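> Quick one: the structure is below, questions incoming.
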Amino acid sequence: MLTWAIIALIVAIVAGALGFSGVAAVAGTAAKVLFGIFLIIAIVLFVLGSLAV
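Following full-length UniProt numbering, the numbering of the sequence shown begins with 1 at its first residue and continues without gaps.
Dropping the structure here:
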């Protein structure tokens with residue numbers, strides 16, 4: 001998933017360089033989705049780690 005985050009970062013940088021067209025909106029949406037996924041995974045791992053102790 002980190003690979004997808006890096007790809008989203010590159011797309012966002014390219015979109016910014018091209019003048020924030022529709023590509024920037026797609027990159028922003030992808031970034032929000034990746035953030036949500038990573039947040040959910042982090043919470044699940046935190047809970048599982050807390051239960052294991």
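Virtual Cβ for every residue (Gly too), placed ideally from N, Cα, C. These numbers come from a predicted model, not from an experiment.
Taking only the alpha-carbon atoms, compute the straight-line gap between residue 5 and residue 36 and give it to the nearest angstrom.
Their backbone Cα atoms lie some 12 Å apart in a straight line.
> Going by the CB atoms, is the gap between residue 12 and residue 27 shorter than 8 Å?
It is a contact, given that the beta carbons lie within the stated cut-off.
> Would you say residue 8 and residue 31 are within 8 Å of each other, going by their C-beta atoms?
Yes, the pair counts as a contact, with Cβ atoms nearer than the cut-off.
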